[in-house]
Structure formats: structure tokens, C-alpha cells
Amino acid sequence: MNNTNTYLYSEEIKKFFDKGEIKNEYKLELENCPVCNNKKVDIIFKHYNFYYKRCKKCSFVFANPRLNDRGSDIWYNSNFYNAAVETEYFQVKNGNRFLASLTLEFFEIALTILKKLSLTKSSRILDIGCGGGAFLNYLKEMGGFLNLAGIDLNEKAVLFARKFRGLNVERINANSLSTNEKYDLVISMESIEHANNINMFMNILKEFMTKNSYILITTPYNDKKATLLGGIWGDHYMAPNHINFFNLKSISLLLAKYRLEIIDYQIIRGNLGIGLIKNRLLNKRDWATHYPPISVEHGVTIPKSSNNHIDYVKYISSDAKKTNLQKSNNGEMVSPFYSTARKVYRLLSEHINLKCKTHMMIVAKEAN
Ligand SMILES: [Zn+2]
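Everything in the sequence shown is counted per the working numbering, starting at 556 for the first residue and increasing by one.
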């Protein structure tokens with residue numbers, strides 16, 4: 556246990572920056588809002604050198620500039636990311652068949668939605684960005700689906716899905732997948748928030764669809780209440796990992812651009828506030844992953860051994876002094892006062908359930 560390597564998010568992303576700006580060789584700067592093409596945006600905050608902006612017209616929130624394909628490839632195969640991926644496999648190998656950074660309950664809700672559609676056991680299903688195949692495996696074992704395929708960019712993830720779960724998964728960029736293949740259901744689970752070009756992403760998803768295909772898209776919900784509670788330290792504001800932050804309005808607008816009409820959706824709520832305060836605000840203002848994995852929380856591992864913990868806290872407190880939290884210009888974002896927040900949250904956590912919108916699941920079809 557003593558030779559566990561700890562990878563810190565803030566350390567891992569340093570290589571992409573020079574004097575606080577993304578290096579040109581890794582930079583992709585969007586000219587307009589990628590949802591509605593509007594030019595005017597508000598800068599809502601800067602976090603770990605990434606600028607988070609909100610479109611004045613459609614309220615879509617996005618990190619801009621962001622990593623280009625070259626930068627993304629490095630990030631998604633970095634030590635930090637690989638350690639997070641390994642955590643899932645560690646858990647699965649230790650008896651939790653379905654574990655992913657998503658909960659089993661999340662999969663259950665998704666399957667319930669899919670059961671309402673006209674799909675059969677032999678329907679052709681493609682999961683784009685399937686990771687280690689957790690959801691495909693769930694569909695196979697709990698949904699009885701027989702015709703499953705997946706693709707992902709991470710090499711470890713694909714190997715795991717193939718070797719350990721016996722799934723038909725390939726390491727391939729969706730851009731280079733043959734689109735002669737069409738599917739009855741295309742799944743994009745917790746992927747679109749990672750895509751550096753959401754329009755290309757939508758085009759790719761559509762390539763695999765016929766006019767009768769369904770698409771299931773799940774993504775974190777950019778909830779105002781959650782942001783108010785967690786501030787910019789919320790789980791989701793973790794560029795270059797998450798760079799697109801949708802709400803129901805912005806995702807509807809994006810889908811409509813591709814002639815896709817929402818036929819069903821579900822908003823998932825969770826007790827976001829307390830976890831954020833405990834894990835992010837008060838003691839750990841960074842994300843850490845480990846190899847070999849120690850334990851799992853929110854899909855990344857949190858240090859358990861005392862030595863790790865001390866190093867971690869030391870690192871965080873020196874970093875914290877340099878960080879200025881900002882308020883958004885519409886007053887939505889609150890700069891947390893840590894000591895007061897600690898007391899308030901201790902009280903609140905005993906008495907109130909602070910449920911926020913955390914994710915949404917959307918089923919869409921080609922509009923008639
Ligand atoms: Zn917009």
C-alpha cells in the first residue's frame with residue numbers, strides 16, 4: 556500500500572498551460588456558442604486556468620478555450636485518467652460487477668427508460684464512449700440484450716471491456732468508425748460533456764442512426780442550485796474533463812439542430828451539496844487518483860492512508876492561497892466562506908436533504 560502513486564488533477568493539467576494560458580499546440584478556441592452560434596457570452600469564472608463561459612442567448616455553459624484533439628488524446632491517456640479507469644476495474648474485479656463512476660441506480664433508471672421503447676433483445680445497440688463497458692455489461696446481464704457494441708478512446712478501458720467483460724468493444728475514434736453500420740439504439744452516456752466539438756459529436760451519433768433509431772444521451776445537469784451550493788468546486792467543473800454543461804433547454808436546442816426530437820426524458824436528482832462540502836470545499840480542493848486504487852468515491856479515489864492524506868492537505872492549502880474565487884456577473888455564483896460554510900453545512904446536513912438536479916437522460920428520435 557505504501558508504493559501507491561497519487562496523481563493530482565492540478566499537476567496533471569500543468570503540461571497543457573504556459574503562463575496560465577493553454578499552449579497553442581493543445582488549444583481549441585470556439586468563436587461562437589456551439590449550441591446556438593451566438594457570439595455573446597458572459598465569462599462566469601476562471602477555474603484552474605480554464606475559462607467557463609455562458610451563452611447570453613441559450614444559457615449553454617462551456618469551457619473555452621479547451622483542449623484540441625491532440626491535447627484531449629494526452630489527457631484521456633494520462634496517468635490521472637488511467638488511474639481513475641483502473642479504479643473501476645479494481646472494484647469490478649473485487650466483486651462489484653457493474654461499478655462505474657455512475658451508480659447502479661443510474662443504470663436502472665436508464666434501463667427503465669429503454670424498456671418503454673420499441674426495442675427487442677436482438678436490437679442493435681452501440682455505446683459511443685463506453686469506457687470499460689459498465690453500461691453495456693448491465694444491458695447484457697440485466698436487460699438481456701444480445702447485440703451490443705461499443706467504442707472508446709482509452710486503451711485500458713477497451714482492453715478491460717473486451718478481456719474481462721467479454722464485450723465487443725473497440726479502441727477507435729468515432730470519426731474513423733465505418734458508418735455503413737446502423738443501429739437501432741445509439742447510446743451516449745456521460746460523453747457529450749467531454750466532447751471538444753459537440754457539433755461533430757452530434758454528426759457522428761447521427762451517422763449511426765436511421766430515421767427509426769433512438770438515441771439515449773445522458774449528461775450532467777448544469778443546475779443553478781448545485782452551483783450555488785458547490786460553487787466552482789462542484790464536481791462537474793473539471794475541465795479538460797467536462798467542458799460542456801447542459802440544461803434541458805440547451806440540450807433541446809442542440810438536438811433540434813440535428814432534427815432530433817425529445818420523446819422522453821428524466822432528470823436525476825441527488826444530494827450534491829453535502830458531498831461537495833465534505834470532499835471538495837473543506838479539506839480537498841483538488842481531485843486525486845491512485846494506482847493501485849485504494850477506494851472509490853465519485854469515480855475517483857480519495858486518499859485513505861495517513862501519509863497520503865497529509866501530503867495532499869499540504870499541497871491543497873498552499874494552492875488555496877493563490878486562488879481567488881469569483882462571483883458571476885448575474886450573481887448566481889457564490890464565493891464560499893469556508894469556516895462559515897463548514898458550520899452551516901454541518902447543521903444543514905443533519906436536518907435538510909439538499910437535492911439538486913445532477914444528471915439528465917434524454918431519449919430522442921428523428922423528427923417527422
Ligand atoms: Zn448559445
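Cβ coordinates follow ideal geometry from the N, Cα and C atoms, glycine included.
Open item on the list: Can you give me the C-alpha to C-alpha distance between Glu-748 and Asn-799, rounded to a whole angstrom?
Closed with: Rounded to whole angstroms, the gap between the alpha carbons of Glu-748 and Asn-799 is 4 angstroms.
Open item on the list: So, does the stretch 590 to 599 touch the stretch 659 to 670, judging by three or more C-beta pairs under 8 angstroms?
Closed with: No: fewer than three Cβ pairs fall under 8 angstroms.
TODO: Taking only runs that begin and end inside the stretch 636 to 724, name each unbroken beta strand (DSSP E) of 3 or more residues, in chain order.
DONE: Listed in chain order, they are 679 to 683 and 702 to 707.
Open item on the list: Looking at His-602: is its Cβ nearer than 9 angstroms to the Cβ of Ala-794?
Closed with: In terms of Cβ geometry, His-602 and Ala-794 form a close pair [threshold 9 angstroms].
TODO: Can you say whether Phe-571 is buried or exposed, counting buried as having 16 or more other CB atoms within 10 angstroms of its CB?
DONE: By the neighbour-count rule (16 or more Cβ atoms within 10 Å), Phe-571 is buried.
Open item on the list: Do Asn-709 and Arg-726 have their beta-carbon atoms positioned less than 9 angstroms apart in this structure?
Closed with: Yes, the Cβ-Cβ distance between Arg-726 and Asn-709 is below 9 angstroms.
Open item on the list: Does the beta-carbon of Phe-615, which I'm using as the reference point, lie nearer than 8 angstroms to any heavy atom of ligand 1?
Closed with: In this structure, Phe-615 has its beta carbon less than 8 angstroms from a heavy atom of ligand 1.
Task: Contact check, Ser-678 vs Phe-700, beta carbons under 9 angstroms - done: In terms of Cβ geometry, Ser-678 and Phe-700 form a close pair [threshold 9 angstroms].
Open item on the list: Between which two residues does the beta strand (DSSP E) holding Ser-768 run?
Closed with: Segment 764 to 775, the beta strand (DSSP E) holding Ser-768.
Task: Leu-810, enclosing alpha helix (DSSP H) - first and last residue - done: Its alpha helix (DSSP H) spans residues 803 to 812.
Open item on the list: Is Ser-805 near ligand 1 - that is, is its Cβ less than 8 angstroms away from at least one heavy atom of it?
Closed with: Set against 8 angstroms, the gap from the CB of Ser-805 to the closest heavy atom of ligand 1 is smaller.
Task: Inter-stretch contact (C-beta, 8 angstroms, three-pair minimum) for the stretch 573 to 592 and the stretch 617 to 627 - done: Contact between the stretch 573 to 592 and the stretch 617 to 627 is present: 3 or more CB-CB pairs across the two stretches fall below 8 angstroms.
Task: For Tyr-846, the nearest candidate out of Asn-587, Val-640 and Leu-703 (CA to CA) - done: Relative to the Cα of Tyr-846, the nearest Cα in the group Asn-587, Val-640 and Leu-703 belongs to Val-640.
Task: Proximity below 9 angstroms, CB of Lys-912 to CB of Tyr-792 - done: No; because the gap between Cβ atoms is not below 9 angstroms, this pair is not in contact.
TODO: Pull up the distance between the alpha-carbon of Val-713 and that of Pro-589, whole angstroms please.
DONE: About 29 angstroms.
- [ ] For Leu-585, name the three-state secondary structure that DSSP assigns.
- [x] Reduced to three states, the DSSP call for Leu-585 is coil.
Open item on the list: For ligand 2, I want to know if Lys-812 counts as a neighbour, meaning its beta carbon is within less than 8 angstroms of at least one of the ligand's heavy atoms.
Closed with: This structure simply doesn't include ligand 2; it includes ligand 1 instead.
Task: Backbone secondary structure at Ile-823 - three-state DSSP - done: Here Ile-823 sits in strand by DSSP.
Task: Supposed close pair Thr-642, Thr-844 - CB separation, criterion 8 angstroms - done: Between Thr-642 and Thr-844 the beta-carbon gap is near 7 angstroms, inside 8 angstroms, which marks them as a contact.
TODO: Write down the C-beta distance between Ile-683 and Val-741 rounded to the nearest angstrom, noting that I regard them as a contact closer than 8 angstroms.
DONE: Contact between Ile-683 and Val-741 is confirmed by a C-beta separation of about 7 angstroms, below the 8 angstroms threshold.
- [ ] Report all residues from its chain with a CB closer than 7 angstroms to the CB of Leu-583; omit the five preceding and five following residues, and keep chain order.
- [x] For Leu-583, the CB contacts under 7 angstroms within the same chain, skipping 5 residues up- and downstream, are Pro-620, Arg-621, Leu-622, Asn-623 and Asn-751 in chain order.
Open item on the list: Spatial neighbours of Ser-768 within its chain, please: C-beta separation below 8 angstroms, excluding the five flanking residues on both sides.
Closed with: Here Ser-768 has Lys-737, Tyr-738, Asp-739, Leu-740, Val-741, Lys-920 and Glu-921 as same chain residues with Cβ atoms under 8 angstroms from its own Cβ, once five neighbours each way along the sequence are excluded.
- [ ] Give me whichever residues DSSP pairs with Asn-560 in a beta bridge.
- [x] Answer by DSSP bridge pairing, in chain order: Tyr-846.
TODO: Whole angstroms is fine: what's the gap from Leu-585's alpha carbon to His-797's?
DONE: When rounded, the distance between both Cα atoms is 16 angstroms.
Open item on the list: Quick check on DSSP: helix, strand or coil for Met-793?
Closed with: Residue state, collapsed to three classes: coil.
- [ ] May I ask you to report which of helix, strand or coil DSSP gives Lys-601?
- [x] Of the three classes helix, strand and coil, the one that applies to Lys-601 here is strand, per DSSP.
Open item on the list: For Lys-695 and Met-744, I'd like the C-alpha separation in whole angstroms.
Closed with: Spanning the two alpha carbons is a distance of roughly 16 angstroms.
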